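Here's the structure, in structure tokens; my notes come after.
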Amino acid sequence: MNTEYLILAALVLPLLGAIGIALAHRAPNLREGVTLATAVALFVGVCQLLDPVLAGARPELVLLEPLPGLPIAFRVEPLGMLFALIASGLWIVNSVYSIGYMRGNKEKHQTRFYVCFALSIAAALAIAFAGNLLTLFLFYEVLTLITYPLVTHAGTEKAKQGGRTYLAILMGTSVLFLLPAVIYTWYVAGTTDFRPGGILPAGMETGTVMVLLALFMFGIGKAALMPFHRWLPAAMVAPTPVSALLHAVAVVKAGVFSVVKVIVYVFGLDTLAGATDWLIGIAGFTIIAASVVALHADNLKRRLAYSTVSQLSYVILAAAILAPLSVAGAALHIVAHAFGKITLFFAAGAIYTAAHKTEVSQLDGIGRRMPWTMGAFAIGALSLIGIPPLVGFVSKWYMMSGALATDRFFVAAVILASTLLNAAYFLPILHRAFFRPLSAEAAAHPHGEAPLPMVIAIVFTAAATTFAFLFTDDFLRLAQALVAGGAP
9 MNTEYLILAA LVLPLLGAIG IALAHRAPNL REGVTLATAV ALFVGVCQLL
59 DPVLAGARPE LVLLEPLPGL PIAFRVEPLG MLFALIASGL WIVNSVYSIG
109 YMRGNKEKHQ TRFYVCFALS IAAALAIAFA GNLLTLFLFY EVLTLITYPL
159 VTHAGTEKAK QGGRTYLAIL MGTSVLFLLP AVIYTWYVAG TTDFRPGGIL
209 PAGMETGTVM VLLALFMFGI GKAALMPFHR WLPAAMVAPT PVSALLHAVA
259 VVKAGVFSVV KVIVYVFGLD TLAGATDWLI GIAGFTIIAA SVVALHADNL
309 KRRLAYSTVS QLSYVILAAA ILAPLSVAGA ALHIVAHAFG KITLFFAAGA
359 IYTAAHKTEV SQLDGIGRRM PWTMGAFAIG ALSLIGIPPL VGFVSKWYMM
409 SGALATDRFF VAAVILASTL LNAAYFLPIL HRAFFRPLSA EAAAHPHGEA
459 PLPMVIAIVF TAAATTFAFL FTDDFLRLAQ ALVAGGAP
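Residue numbers for the sequence shown follow the working numbering, beginning at 9 and rising by one.
Okay, here's the thing in structure tokens:
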């Protein structure tokens, strides 16, 4: 199939799926069948683009041109291909998990949930394939708006408050910082297109570059760089499949993807030389500070949320080093975090569904009642700590190698310290689950695993976290193509 049609199909399929889901609202089995069929078809279509991109092709599609020189355009390059594979592939797994979760917890408004999820994936794919800053900005905003009903799904006052925080921070940062950055870039560069090596004119003063970089970095609020991170823990009021969407599939991945894309394709690594020290400092602070908060959080989803804030800044930190090895590590960590964190959130949702537990202090002995769930949780946690043979080790290896190759000993120290903190807030959960006796309350209310679709999804993502370590060739080739100026 022509690559233009493949891009168009990737953008349109989730929209058609959303329509089909809405029409099937009176038949839950059919509704969820449409969701799964659409997700599988999308992933197959996205995979058709992989070989051409690895071979050096950069498929393009211009949708329309509302203003001269400012088209709504799409171009598939290595980083976007990586993001698209993650978003489309994990949609399948999340859909399987959602069937068990939404039915097991008798959630209301399930059709709205599946419709908004499909539309969110459509927006994520549009961000992944965005060919210029204008297209990226438009669909970045669409993703924020379409995920708002998911965040407020429960309809409680707490959910509405979380949704207001979510919307205020993400819309506020994008309008106040990101939009001016896009407009100024267009003004000085004459284009908003993404190009290997960057588009900014040569000879820009370092101070100007630093200010523009700050507008982009803080304007991309989905990357959760402190102090604009509070939307992420606030959004934990959402159902667990939504948390998985926010943390692993689309939203935060859109944030760190946009950060790396702007650094590589708008500024270029050479232009940023000497202008990223402040960003390294803030990203390093975010990593450590968020890890310390996670260490003291008893609520399991809150601990995972602050873990995400920390892990996202690994990507920003690695990209800000500007070394080819570290930028490749940043791209790989997007993959590693996606697999690891979706496994952890799936496990948290399974624990809530089967045992109605939400606090770490309530998990004594639960590994003996839910061995598949907690075994998968262990794999996800160990990957994010950076233990081989799990994919989190690979990305941290590249990031550490880039830091040492450029004598960034502060960065190396941050990665080492945060790895120890990762262990400090994950390993006690595993100790409680597997090595402590059941509490009297838990023993009096026996339970087993969560519904089968949830367990299948959890085991699959845990297995993927391992296999991604063993079979990293395509991920590595895409990451290396990103830092080789777009060449295969």
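Backbone N, C-alpha and C define an ideal beta-carbon position, used for all residues, glycine too. Model, not experiment: these values are computed from the prediction.
Host alpha helix (DSSP H) of residue i (start-end)
| i | result |
| --- | --- |
| E165 | E165 to T181 |
| V257 | Looking at the DSSP string, V257 is not in any alpha helix (DSSP H), and its letter there is neither H nor E. |
| S426 | F417 to F443 |
| N37 | P36 to C55 |
| E12 | T11 to L31 |
| D481 | D481 to V491 |
| G373 | Taken as a continuous stretch (DSSP letters only), G373 belongs to no alpha helix (DSSP H), as it is neither H nor E. |
| L412 | V399 to A413 |
| L460 | L460 to L478 |
| L62 | L58 to L62 |
Among the options, the one whose alpha carbon lies nearest that of residue i
| i | options | result |
| --- | --- | --- |
| A283 | F293, K261, I271 and T294 | I271 |
| G456 | G375, P235 and A384 | G375 |
| W99 | A47, F353, H117 and A136 | A47 |
| Y322 | M234, T361 and T173 | M234 |
| L90 | I207, G180, A232 and K261 | K261 |
| E85 | A17, A138, F443 and L186 | A138 |
| G180 | G206, E149 and L208 | E149 |
| L320 | G388, T11, H341 and L220 | H341 |
| W380 | V467, R416, V343 and L31 | V467 |
| P76 | H237, W194, R377 and T366 | W194 |
| T351 | N102, P79 and F121 | N102 |
| L308 | T248, S409 and L187 | T248 |
| W239 | M225, F347, L398 and V259 | V259 |
| R444 | M225, S369 and L424 | S369 |
| A297 | L446, N430 and L72 | N430 |
| T11 | P36, L21 and P60 | P60 |
| A356 | T294, T414, A331 and A441 | A441 |
| P436 | L412, L390 and L144 | L390 |
Paired residues, beta bridge with residue i - DSSP
| i | result |
| --- | --- |
| T68 | It should be noted that the sequence gives Glu, not Thr, for residue 68. Answer is R83. |
| A138 | F82 |
| E115 | DSSP output for E115 lists no bridge partner at all. |
| E367 | N307 |
| D201 | N140 |
| L75 | L78 |
beta-carbon residue i near the ligand COA non-hydrogen atom, thresh 7 angstroms
| i | result |
| --- | --- |
| V217 | No copy of the ligand COA occurs in the structure displayed, which carries no ligand at all. |
Test: residue i CB closer than 8 angstroms to a CB of chain D
| i | result |
| --- | --- |
| V335 | The structure shown has no chain D; it contains just one protein chain. |
Beta-carbon separation (whole angstroms), residue i vs residue j, contact threshold 8 angstroms
| i | j | result |
| --- | --- | --- |
| G206 | I228 | 17 angstroms between Cβ atoms; not a contact. |
| A176 | I129 | Their Cβ separation, rounded to whole angstroms, is 24 angstroms, which puts A176 and I129 out of contact at 8 angstroms. |
| A243 | Y174 | 5 angstroms |
| G383 | L392 | Actually they are not in contact, since the Cβ atoms of G383 and L392 sit about 16 angstroms apart, beyond 8 angstroms. |
| I15 | L69 | 4 angstroms |
| P241 | A313 | 4 angstroms |
| A498 | F224 | Residue 498 lies beyond the residue range present for the chain, which begins at 9 and ends at 496; the question has no answer from this structure. |
| P397 | T474 | 7 angstroms |
| L38 | A32 | 4 angstroms |
| P22 | L127 | 7 angstroms |
Worksheet item: Where in the segment 278-338 do unbroken runs of the alpha helix (DSSP H), each at least 4 residues long, occur, reported from the N-terminal end onward?
Response: 285-304 and 308-329
Discussion item. Which complete alpha helix (DSSP H) runs does the segment 218-277 hold, if anything under 4 residues is left out?
Written reply: 239-242, 248-252 and 259-270
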